[in-house]
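Quick notes on the structure that follows.
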Amino acid sequence: MRVLVIPHQRRPGIGRAPIPDGHRATLPEQARLCPVLEDGSRLGYLVYPPLAATETMEVRLLTDGVFRLTLLVQTDGATAQPVAVMEIRPTAGTGGIEVREVLFVEPKLGFGEPAIRELFDMLVTNVNAPDGGIGLRGAHDFVTPEGWDTVYSGVLNETSRPHLPVLTARIETDWYAQPTEFRYILQSGEALSVRGHAPIGQVFFVPRETVTLDEGSEEDQAAFADRLRAYWAERTAKERAMPYGSIMSHHYRDIQRGRPLTN
(Lines of atoms letter the chains of each structure in order from A; the text may use other names.)
(Lines give C-alpha, C1' and ligand atoms only; values in the text may rest on other atoms or scores of the structure.)
Protein backbone atom coordinates (compact mmCIF):
# COMPACT_ATOMS: atom_id res chain seq x y z
CA MET A 84 0.00 0.00 0.00
CA ARG A 85 1.41 3.37 -1.04
CA VAL A 86 0.49 6.80 0.37
CA LEU A 87 1.27 10.12 -1.30
CA VAL A 88 3.05 12.69 0.88
CA ILE A 89 2.29 16.33 0.04
CA PRO A 90 4.38 19.21 1.49
CA HIS A 91 2.72 22.03 3.44
CA GLN A 92 0.91 24.21 0.92
CA ARG A 93 2.28 27.54 2.16
CA ARG A 94 5.57 26.52 3.81
CA PRO A 95 6.92 23.72 1.61
CA GLY A 96 10.31 22.34 2.44
CA ILE A 97 10.16 23.44 6.09
CA GLY A 98 9.83 20.70 8.71
CA ARG A 99 11.09 17.14 9.06
CA ALA A 100 9.70 14.35 6.91
CA PRO A 101 7.32 11.84 8.56
CA ILE A 102 9.07 8.80 10.04
CA PRO A 103 8.13 5.50 11.72
CA ASP A 104 9.76 5.32 15.15
CA GLY A 105 9.07 2.84 17.95
CA HIS A 106 11.32 4.44 20.55
CA ARG A 107 9.96 6.49 23.44
CA ALA A 108 12.91 7.59 25.54
CA THR A 109 10.75 8.79 28.43
CA LEU A 110 9.28 5.33 29.05
CA PRO A 111 10.86 3.23 31.81
CA GLU A 112 13.29 0.55 30.62
CA GLN A 113 10.87 -2.34 31.10
CA ALA A 114 8.22 -0.67 28.93
CA ARG A 115 10.64 0.81 26.42
CA LEU A 116 12.04 -2.61 25.53
CA CYS A 117 8.61 -4.28 25.33
CA PRO A 118 8.14 -5.39 21.67
CA VAL A 119 4.36 -4.96 21.62
CA LEU A 120 4.68 -1.40 22.95
CA GLU A 121 7.44 -0.65 20.46
CA ASP A 122 5.24 -1.90 17.62
CA GLY A 123 2.36 0.22 18.92
CA SER A 124 4.61 3.29 19.02
CA ARG A 125 5.83 2.52 15.49
CA LEU A 126 2.28 2.39 14.12
CA GLY A 127 2.12 4.69 11.10
CA TYR A 128 4.32 7.78 11.07
CA LEU A 129 5.34 10.56 13.41
CA VAL A 130 4.50 13.98 11.93
CA TYR A 131 6.42 17.20 12.51
CA PRO A 132 5.37 20.89 12.38
CA PRO A 133 6.30 23.21 9.49
CA LEU A 134 9.12 24.71 11.56
CA ALA A 135 12.87 24.72 10.99
CA ALA A 136 15.09 22.95 13.50
CA THR A 137 16.05 26.35 14.95
CA GLU A 138 12.42 27.47 15.40
CA THR A 139 10.09 26.94 18.36
CA MET A 140 6.53 28.10 18.86
CA GLU A 141 5.13 28.47 22.36
CA VAL A 142 1.35 28.21 22.68
CA ARG A 143 -0.12 29.45 25.95
CA LEU A 144 -3.80 29.64 26.93
CA LEU A 145 -4.50 32.72 29.04
CA THR A 146 -7.84 33.58 30.65
CA ASP A 147 -11.13 33.95 28.75
CA GLY A 148 -9.99 31.70 25.90
CA VAL A 149 -7.13 33.98 24.82
CA PHE A 150 -4.21 32.19 23.13
CA ARG A 151 -0.75 33.77 23.10
CA LEU A 152 1.58 32.49 20.38
CA THR A 153 5.29 33.20 20.61
CA LEU A 154 7.77 32.32 17.87
CA LEU A 155 11.36 31.87 19.06
CA VAL A 156 14.43 31.44 16.87
CA GLN A 157 17.89 30.16 17.83
CA THR A 158 20.80 31.73 15.98
CA ASP A 159 24.54 30.94 16.13
CA GLY A 160 24.09 28.40 18.91
CA ALA A 161 22.68 30.99 21.31
CA THR A 162 19.55 30.59 23.41
CA ALA A 163 16.35 30.89 21.38
CA GLN A 164 14.95 34.40 21.47
CA PRO A 165 11.36 35.55 20.79
CA VAL A 166 10.94 37.21 17.41
CA ALA A 167 7.14 37.53 17.21
CA VAL A 168 4.22 37.42 19.64
CA MET A 169 0.54 37.35 18.72
CA GLU A 170 -2.65 36.91 20.74
CA ILE A 171 -5.82 35.30 19.43
CA ARG A 172 -8.93 36.24 21.40
CA PRO A 173 -12.56 35.26 20.83
CA THR A 174 -15.19 37.96 20.52
CA ALA A 175 -18.51 38.06 22.37
CA GLY A 176 -21.61 36.74 20.66
CA THR A 177 -22.06 34.00 18.09
CA GLY A 178 -20.35 33.30 14.82
CA GLY A 179 -16.91 32.13 16.00
CA ILE A 180 -15.20 35.42 15.11
CA GLU A 181 -11.77 36.02 16.65
CA VAL A 182 -9.37 38.94 16.91
CA ARG A 183 -5.67 38.47 16.15
CA GLU A 184 -3.39 41.13 17.63
CA VAL A 185 0.35 41.23 16.99
CA LEU A 186 2.07 42.35 20.19
CA PHE A 187 5.73 42.18 19.18
CA VAL A 188 7.82 41.81 16.03
CA GLU A 189 11.61 41.68 16.07
CA PRO A 190 12.67 44.57 13.78
CA LYS A 191 15.49 42.50 12.28
CA LEU A 192 12.91 40.17 10.75
CA GLY A 193 11.87 42.78 8.27
CA PHE A 194 8.25 41.57 8.47
CA GLY A 195 5.14 43.64 9.02
CA GLU A 196 2.13 42.63 11.08
CA PRO A 197 0.22 41.11 8.11
CA ALA A 198 3.14 38.75 7.41
CA ILE A 199 3.30 37.68 11.07
CA ARG A 200 -0.42 36.93 11.08
CA GLU A 201 0.00 34.89 7.93
CA LEU A 202 2.96 33.02 9.42
CA PHE A 203 1.04 32.00 12.54
CA ASP A 204 -1.92 31.05 10.32
CA MET A 205 0.42 28.58 8.61
CA LEU A 206 1.18 27.02 12.00
CA VAL A 207 -2.17 26.89 13.84
CA THR A 208 -5.84 26.48 12.99
CA ASN A 209 -9.26 25.86 14.58
CA VAL A 210 -8.62 27.98 17.67
CA ASN A 211 -11.07 27.42 20.58
CA ALA A 212 -12.95 24.72 18.70
CA PRO A 213 -13.78 23.26 21.19
CA ASP A 214 -13.02 25.67 24.06
CA GLY A 215 -9.29 25.57 24.80
CA GLY A 216 -8.60 23.66 21.59
CA ILE A 217 -5.98 24.62 19.05
CA GLY A 218 -4.97 22.77 15.91
CA LEU A 219 -1.27 22.40 15.16
CA ARG A 220 -0.59 22.11 11.44
CA GLY A 221 1.71 19.39 10.15
CA ALA A 222 4.53 19.88 7.67
CA HIS A 223 3.10 17.20 5.36
CA ASP A 224 -0.33 16.06 4.18
CA PHE A 225 -1.37 12.60 3.01
CA VAL A 226 -3.35 11.12 0.13
CA THR A 227 -4.35 7.49 0.61
CA PRO A 228 -5.34 4.98 -2.08
CA GLU A 229 -9.00 4.23 -2.77
CA GLY A 230 -10.73 2.72 0.27
CA TRP A 231 -8.13 3.79 2.85
CA ASP A 232 -8.48 6.43 5.60
CA THR A 233 -5.97 8.43 7.64
CA VAL A 234 -6.21 8.49 11.44
CA TYR A 235 -4.73 11.55 13.18
CA SER A 236 -3.79 11.21 16.85
CA GLY A 237 -1.36 12.44 19.45
CA VAL A 238 2.04 10.75 19.72
CA LEU A 239 1.26 7.23 20.92
CA ASN A 240 2.82 6.01 24.19
CA GLU A 241 4.26 9.44 25.00
CA THR A 242 3.97 9.58 28.79
CA SER A 243 6.13 12.56 29.74
CA ARG A 244 4.43 15.16 31.93
CA PRO A 245 2.67 17.49 31.60
CA HIS A 246 0.49 15.60 29.16
CA LEU A 247 -2.16 17.45 27.13
CA PRO A 248 -5.11 15.62 25.54
CA VAL A 249 -5.20 15.43 21.75
CA LEU A 250 -8.38 14.69 19.81
CA THR A 251 -8.35 11.74 17.39
CA ALA A 252 -9.81 12.09 13.89
CA ARG A 253 -10.34 9.61 11.07
CA ILE A 254 -10.72 11.12 7.59
CA GLU A 255 -11.35 9.60 4.17
CA THR A 256 -8.20 10.99 2.61
CA ASP A 257 -8.60 9.05 -0.63
CA TRP A 258 -11.08 11.71 -1.84
CA TYR A 259 -10.92 14.54 0.75
CA ALA A 260 -7.90 16.88 0.68
CA GLN A 261 -7.19 17.18 4.40
CA PRO A 262 -4.44 19.52 5.66
CA THR A 263 -2.77 17.65 8.49
CA GLU A 264 -3.82 18.94 11.91
CA PHE A 265 -3.51 17.73 15.49
CA ARG A 266 -5.96 19.40 17.85
CA TYR A 267 -4.63 19.88 21.38
CA ILE A 268 -6.89 20.84 24.29
CA LEU A 269 -5.44 23.23 26.88
CA GLN A 270 -6.74 24.46 30.21
CA SER A 271 -6.28 28.07 31.28
CA GLY A 272 -2.63 28.65 32.28
CA GLU A 273 -1.27 25.66 30.34
CA ALA A 274 1.44 26.01 27.70
CA LEU A 275 2.66 23.87 24.83
CA SER A 276 6.07 24.02 23.14
CA VAL A 277 6.14 23.14 19.44
CA ARG A 278 9.69 22.52 18.25
CA GLY A 279 10.89 22.02 14.72
CA HIS A 280 12.73 18.79 15.55
CA ALA A 281 9.99 17.20 17.71
CA PRO A 282 6.82 15.43 16.51
CA ILE A 283 3.41 16.97 17.15
CA GLY A 284 1.32 13.90 16.35
CA GLN A 285 1.06 10.57 14.63
CA VAL A 286 -0.83 9.29 11.59
CA PHE A 287 -1.68 5.76 10.58
CA PHE A 288 -3.67 4.34 7.71
CA VAL A 289 -6.60 1.93 7.92
CA PRO A 290 -8.77 0.25 5.27
CA ARG A 291 -12.39 1.37 5.10
CA GLU A 292 -14.02 -2.03 5.38
CA THR A 293 -16.59 -3.68 7.63
CA VAL A 294 -15.31 -5.88 10.46
CA THR A 295 -17.49 -8.75 11.63
CA LEU A 296 -16.96 -10.29 15.08
CA ASP A 297 -17.53 -14.08 15.15
CA GLU A 298 -18.13 -15.98 18.37
CA GLY A 299 -15.27 -18.40 19.02
CA SER A 300 -16.17 -22.10 19.45
CA GLU A 301 -14.99 -24.30 22.31
CA GLU A 302 -12.29 -25.63 19.97
CA ASP A 303 -11.18 -22.06 19.25
CA GLN A 304 -11.01 -21.29 22.97
CA ALA A 305 -8.97 -24.43 23.65
CA ALA A 306 -6.55 -23.66 20.82
CA PHE A 307 -6.11 -20.11 22.15
CA ALA A 308 -5.34 -21.44 25.65
CA ASP A 309 -2.84 -23.96 24.25
CA ARG A 310 -0.98 -21.23 22.32
CA LEU A 311 -0.90 -19.06 25.42
CA ARG A 312 0.57 -21.81 27.62
CA ALA A 313 3.17 -22.76 25.02
CA TYR A 314 4.23 -19.16 24.47
CA TRP A 315 4.74 -18.40 28.16
CA ALA A 316 6.63 -21.63 28.78
CA GLU A 317 9.10 -20.76 26.00
CA ARG A 318 9.21 -17.09 26.94
CA THR A 319 10.11 -17.84 30.56
CA ALA A 320 12.99 -20.03 29.44
CA LYS A 321 14.51 -17.03 27.61
CA GLU A 322 14.19 -14.47 30.43
CA ARG A 323 17.25 -12.51 31.46
CA ALA A 324 17.95 -9.68 33.87
CA MET A 325 18.64 -6.21 32.45
CA PRO A 326 21.32 -3.91 33.96
CA TYR A 327 18.80 -2.05 36.14
CA GLY A 328 16.99 -5.10 37.44
CA SER A 329 14.01 -5.56 35.11
CA ILE A 330 13.42 -9.00 33.60
CA MET A 331 13.19 -9.19 29.81
CA SER A 332 12.57 -11.88 27.21
CA HIS A 333 12.95 -11.53 23.44
CA HIS A 334 10.79 -14.55 22.64
CA TYR A 335 7.96 -12.52 21.08
CA ARG A 336 10.38 -10.70 18.78
CA ASP A 337 12.12 -13.98 17.88
CA ILE A 338 8.84 -15.54 16.76
CA GLN A 339 7.78 -12.37 14.97
CA ARG A 340 11.00 -12.21 12.93
CA GLY A 341 10.66 -15.86 11.95
CA ARG A 342 7.18 -15.42 10.49
CA PRO A 343 6.72 -14.68 6.76
CA LEU A 344 6.38 -11.01 5.83
CA THR A 345 2.99 -9.76 4.64
CA ASN A 346 2.38 -7.03 2.07
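Numbering (my numbering), first residue to last: 84 to 346.
The beta carbon of each residue, even a glycine, is placed where N, CA and C say it ideally should be.
Since we're looking at a predicted model, the values are computed, not measured.
Assigned with DSSP and collapsed to three states, A252 falls in strand. In this structure Y128 is in contact with I102, their Cβ atoms being roughly 6 Å apart against a cut-off of 8 Å. Shown here, I199 sits in a helix according to DSSP, grouped into three states.
DSSP lists P90 as the bridge partner or partners of H223. For the pair T162 and R143, the Cα-to-Cα distance works out to about 20 Å. In this structure, F187 sits away from R172, with a CB-CB distance that is not shorter than 9 Å. At the C-beta level, V168 and L154 come within 9 Å of one another. Counting C-beta pairs closer than 8 Å gives fewer than three between the stretch 181-201 and the stretch 213-233, which falls short of the contact rule. Counted as a single uninterrupted DSSP element, the stretch harbouring S300 is not any beta strand (DSSP E), since DSSP gives it neither H nor E.
By the neighbour-count criterion, in which 16 or more other beta carbons inside 10 Å mark a residue as buried, P282 falls on the buried side. If you draw a straight line from the Cα of V286 to the Cα of G160, it comes to about 32 Å. For the pair T251 and T233, the CB atoms are not nearer than the 9 Å cut-off. When only Cα atoms are considered, S300 and V226 end up about 41 Å apart.
Comparing alpha carbon positions, the residue from L344, A175, I97, E229 closest to V86 is E229. G123: member of the alpha helix (DSSP H) spanning 118-124, first to last residue. Note that the C-beta distance between T137 and G279 is below 9 Å. Beta-bridge analysis with DSSP links A274 to R143. Rounded to the nearest angstrom, the Cβ distance from L247 to G123 is 20 Å, too far for a contact under 8 Å. Per the DSSP secondary-structure output, L155 pairs in a beta bridge with T139, P165.
Residues M325, Y327, S329 of the same chain have their beta carbon placed closer than 8 Å to that of E112, with the five preceding and five following residues left out of the count. For Y128, the enclosing beta strand (DSSP E) begins and ends at 128-130.
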